[in-house]
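Residue numbers (this note's numbering), protein chains in the order written: chain L, 14 to 468; chain S, 12 to 424.
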């Protein structure tokens with residue numbers, strides 16, 4: 014009886030901590046992530062697979078620190094930054110975070126629009142409906158049931174695994190290149206690798222994961238179970254990434270390497286090789302975009318309100334937490350609205366967010382390592398010297414790669430106007446095509462690295 | 012904006028002048044010593060040369076936006092002191108409890124009043140600022156001139172909390188004593204409000220509050236806290252303190268709380284409890300959480316079958332502690348078998364000699380300890396009940412389920 018009681022208790026504890034890690038890691042594979050991985054597979058086949066293992070390790074190191082801080086201090090990351098580094102620092106970080114996340118929200122709605130267009134649903138119908146659905150789900154649902162919906166969304170990523178199997182890839186080659194690092198001094202390839210790492214860690218994840226851990230009431234005592242969950246989440250994310258790359262490698266690259274400019278493009282390119290794979294791929298994209306469109310605005314407002322000291326929480330009424338609800342509503346309305354706005358400079362905006370991301374992430378990561386080493390805050394849970402070494406190395410690698418990505422972007426943006434427009438014009442052209450009633454203006458796109466940079 | 016107000020953001024960086032009017036440094040922090048005075052700024056910490064200096068409140072001649080002028084320039088180097096609440100380090104950007112608004116807020120600025128005594132100016136904290144206005148002040152200070160900040164901020168509505176309604180958070184028990192942190196404000200709150208506040212705090216601060224607060228208040232608040240947080244609070248406390256709080260809870264609430272804990276911890280707490288509440292709680296723990304036995308409360312008033320209204324009144328006087336939530340009396344025979352339920356309100360219209368038997372509600376409703384939740388809520392709904400007696404297999408009265416249990420049951424579904 015006591016044994017039964019005890020093991021039941023252990024399982025109950027594990028189930029009680031499931032959520033934050035899995036959700037954060039899966040949202041990482043949002044429409045931008047899917048695009049990057051599709052590009053990698055379509056253009057370079059199985060070659061980039063090896064990066065997934067180091068990416069997973071980097072992801073685990075950063076996510077583990079966040080979840081530990083959440084469990085030990087019971088406070089969100091923006092709370093801690095405010096308490097330790099003051100209002101001004103927090104304020105500017107929050108501004109940067111809102112800008113950065115706003116463009117991500119736009120990208121998610123773009124993902125919703127393009128994935129549903131594959132099912133012949135006009136964006137003028139899909140985007141407003143999804144925006145309202147996101148708003149209602151988050152504001153009207155209670156946190157626990159919403160979390161369950163999100164966990165179901167995590168499971169739906171399995172569509173990518175099925176679609177990979179349907180496309181009959183060369184498993185042997187996939188296995189070999191997963192562990193065999195291939196470096197080529199081809200500018201496109203290097204940019205691709207950097208983009209893959211760059212998209213895998215975003216500032217919002219650190220804030221979201223830590224808040225979710227706190228919201229879930231996970232304490233230092235359940236931390237062991239929570240850490241397992243976080244690590245499992247990181248691994249699953251990259252397993253999904255693996256299958257996305259493999260799908261695109263099998264269907265697209267194997268029949269001739271190709272540039273992909275839009276995550277929906279990848280799905281279309283799969284079509285000739287398997288109708289079901291195509292459907293699964295498109296459905297997966299919709300799931301990922303919708304899921305991220307729920308989490309990103311929510312995470313943004315929570316972080317901002319926590320850091321700046323505004324009332325927050327979906328259990329509060331509108332009048333009690335006006336900033337919280339207004340900001341949330343604005344992010345969704347503007348994020349969705351932009352997609353329906355003809356000729357909105359979407360690509361420029363996304364490139365711009367890439368730059369803010371590159372500036373913000375180093376600051377966040379450095380603050381994180383500083384915070385986690387504060388004895389007063391973390392007590393016996395600070396990093397060990399060895400872990401610190403690993404953490405700093407990871408942080409420096411991440412910072413280097415993010416800055417590299419940002420500077421590629423800046424280079425792209427500052428190129429003579431004509432060529433920059435041309436370089437980034439394909440997605441834009443696609444958007445225009447949608448606006449101009451199906452007439453294609455597809456220009457001859459110079460083989461460009463911008464395509465890789467657009468997350 | 013009155014001239015005798017000063018904000019912490021303005022105080023910081025104010026130049027300090029000696030008797031001859033020479034600058035000796037600028038204000039880096041200010042501290043109150045709550046044991047001596049709850050709101051007067053006792054020390055100013057001045058950064059000048061290598062180290063910080065301490066200026067006592069009685070060494071100051073005047074304080075204004077143009078600077079601080081001293082009347083005594085024998086200053087001592089600053090040493091960290093556990094009795095000081097340093098406003099920048101310990102208060103600014105930290106969370107405090109707003110006792111009147113009943114929520115946790117974050118401090119953006121502090122408002123002082125400058126009192127002009129004949130001996131010199133004294134600063135007293137009057138408010139803690141939390142709104143947009145103070146945020147603007149913080150961000151603009153140092154970027155644009157002080158006077159302009161004051162003039163511009165007027166357009167933003169202020170949002171402040173009177174200092175006497177603030178309760179600061181301090182997790183270290185020793186430091187709580189030294190800083191004279193009291194729980195008075197918290198103990199005066201409604202337990203449900205206190206529970207909401209506690210849910211917003213970090214585990215450390217929760218523990219500090221429950222460790223020091225009056226056990227009775229703690230028990231009432233703990234009842235209202237979400238089950239998982241309830242469990243983490245009980246686990247963080249010393250078994251002895253936890254037992255004290257659990258004893259004050261009603262037995263069914265106590266059993267619910269203990270059922271959430273790791274078996275070892277709940278055993279430790281039970282070990283520390285007094286015999287009587289302990290057996291009651293232990294009995295309740297035997298029932299399955301989702302059954303009538305798990306829902307029922309064992310605090311009820313039962314009277315013999317032949318009792319009168321006068322007897323009932325007397326019994327009620329003897330159970331004053333549960334009157335607030337009591338709405339039904341039960342009649343039992345000498346084997347404690349349930350014979351009837353009497354709605355409390357019926358007593359008021361009956362004379363003292365009326366036998367309670369004449370006042371019982373028909374039909375006699377009761378459920379077995381193993382009855383399911385769904386069936387129970389159905390009965391409550393169908394018969395519009397406030398309380399439902401629960402009996403053991405033998406027909407012996409075991410407890411009663413009250414409507415508030417059913418409400419929280421439905422809410423958490």
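Virtual Cβ for every residue (Gly too), placed ideally from N, Cα, C.
Output the distance between the C-alpha atoms of residue i and residue j, rounded to the nearest integer angstrom.
| i | j | result |
| --- | --- | --- |
| residue 89 of chain S | residue 65 of chain L | 54 Å |
| residue 432 of chain L | residue 171 of chain L | With a pLDDT of 44 at residue 432 of chain L, under the threshold of 50, the modelled position of this residue cannot be trusted, and the question is left open. |
| residue 426 of chain S | residue 70 of chain S | As displayed, chain S neither begins before 12 nor continues past 424, which places residue 426 of chain S out of reach and without an answer. |
| residue 369 of chain L | residue 191 of chain S | 46 Å |
| residue 403 of chain S | residue 386 of chain S | 17 Å |
| residue 309 of chain S | residue 290 of chain S | 11 Å |
| residue 351 of chain S | residue 267 of chain S | 28 Å |
| residue 152 of chain L | residue 325 of chain L | 12 Å |
| residue 145 of chain S | residue 231 of chain L | 33 Å |
| residue 356 of chain S | residue 338 of chain S | 8 Å |
| residue 434 of chain L | residue 203 of chain S | Note that residue 434 of chain L scores 41 on pLDDT, short of 50, meaning its location in the model is unreliable; the coordinates nonetheless yield the value given after this. Residue 434 of chain L and residue 203 of chain S: Cα-Cα distance of roughly 60 Å. |
| residue 374 of chain L | residue 69 of chain L | 17 Å |
| residue 388 of chain S | residue 381 of chain S | 14 Å |
| residue 287 of chain S | residue 327 of chain S | 21 Å |
| residue 113 of chain L | residue 362 of chain L | 10 Å |
| residue 202 of chain L | residue 168 of chain L | 31 Å |
| residue 216 of chain L | residue 401 of chain S | 55 Å |
| residue 469 of chain L | residue 232 of chain S | Given that chain L is displayed from residue 14 to residue 468, the structure contains no residue 469 of chain L and the question cannot be resolved. |
| residue 285 of chain S | residue 258 of chain S | 8 Å |
For residue i, which beta-bridge partners are listed by DSSP?
| i | result |
| --- | --- |
| residue 354 of chain S | S/339 |
| residue 117 of chain S | S/106 |
| residue 179 of chain S | S/107 |
| residue 80 of chain S | S/28, S/73 |
| residue 302 of chain S | S/383 |
| residue 171 of chain S | S/140 |
| residue 315 of chain S | S/343 |
| residue 58 of chain S | S/37, S/63 |
| residue 133 of chain S | S/126 |
Does DSSP put residue i in a helix, in a strand, or in coil?
| i | result |
| --- | --- |
| residue 388 of chain L | helix |
| residue 164 of chain L | helix |
| residue 405 of chain S | coil |
| residue 376 of chain L | helix |
| residue 34 of chain S | strand |
| residue 367 of chain S | helix |
| residue 287 of chain L | coil |
| residue 206 of chain L | helix |
| residue 148 of chain S | helix |
| residue 394 of chain L | helix |
| residue 330 of chain L | coil |
| residue 202 of chain S | helix |
| residue 410 of chain S | strand |
| residue 358 of chain L | coil |
| residue 348 of chain S | strand |
| residue 42 of chain S | strand |
| residue 397 of chain S | coil |
| residue 468 of chain L | In this prediction, residue 468 of chain L has a pLDDT of 37, which is less than 50 and means its spatial position is unreliable; what the coordinates show is noted afterwards. Here residue 468 of chain L sits in coil by DSSP. |
| residue 374 of chain S | coil |
| residue 33 of chain L | helix |
Touch test, the region 317-333 of chain L against the region 212-221 of chain S, Cβ-Cβ under 8 Å, three pairs minimum: Three or more beta-carbon pairs separated by less than 8 Å are not found between the region 317-333 of chain L and the region 212-221 of chain S, which leaves the two stretches without contact.
At least 3 beta-carbon pairs within less than 8 Å: the region 37-56 of chain S vs the region 104-118 of chain S: They do not touch, by the three-pair rule.
Cβ contact (3+ pairs, closer than 8 Å) linking the region 174-181 of chain L and the region 281-300 of chain L: Taking 8 Å as the limit for Cβ pairs, the verdict is that the region 281-300 of chain L does touch the region 174-181 of chain L.
Segment contact flag, the region 416-429 of chain L with the region 117-134 of chain L, C-beta cutoff 8 Å, min 3 pairs: No: the two stretches stay apart, fewer than three of their Cβ pairs being nearer than 8 Å.
Cβ pair count under 8 Å reaching 3, the region 38-57 of chain L against the region 316-326 of chain L: Between the region 38-57 of chain L and the region 316-326 of chain L there are fewer than three inter-stretch CB-CB distances shorter than 8 Å, so the stretches are not counted as touching.
Sufficient close CB pairs (3 or more, under 8 Å) joining the region 188-197 of chain L to the region 309-318 of chain L: No contact exists between the region 188-197 of chain L and the region 309-318 of chain L.
Complete beta strand (DSSP E) runs within the region 118-188 of chain L (minimum length 3 residues, chain order): Qualifying beta strand (DSSP E) stretches: none in this window.
Contact the region 74-93 of chain L vs the region 341-354 of chain L: 3+ CB pairs below 8 Å: These segments do not touch.
Unbroken stretches of the alpha helix (DSSP H), 4 residues or longer, contained in the region 67-127 of chain L: Listed in chain order, nothing qualifies, since the region 67-127 of chain L has no complete alpha helix (DSSP H) run of 4 or more residues.
At least three beta-carbon pairs within less than 8 Å, the region 232-245 of chain L to the region 337-344 of chain L: With fewer than three CB-CB distances shorter than 8 Å, the region 232-245 of chain L does not count as touching the region 337-344 of chain L.
Alpha helix (DSSP H) runs wholly inside the region 208-283 of chain S, at least 4 long, in chain order: Entirely contained in the region 208-283 of chain S, the alpha helix (DSSP H) runs reaching 4 residues are, in chain order, 214-223, 226-235, 238-247, 250-259, 262-270, 274-283.
contact_flag[the region 39-46 of chain L, the region 115-123 of chain L] where n(CB pairs < 8 Å) is 3 or more: Result yes; three or more Cβ-Cβ pairs closer than 8 Å.
Segment contact flag, the region 181-190 of chain S with the region 159-172 of chain S, C-beta cutoff 8 Å, min 3 pairs: Between the region 181-190 of chain S and the region 159-172 of chain S there are fewer than three C-beta pairs closer than 8 Å, too few to call the two in contact.
The region 290-300 of chain S touching the region 317-325 of chain S, judged by at least three CB pairs closer than 8 Å: Taking 8 Å as the limit for Cβ pairs, the verdict is that the region 317-325 of chain S does not touch the region 290-300 of chain S.
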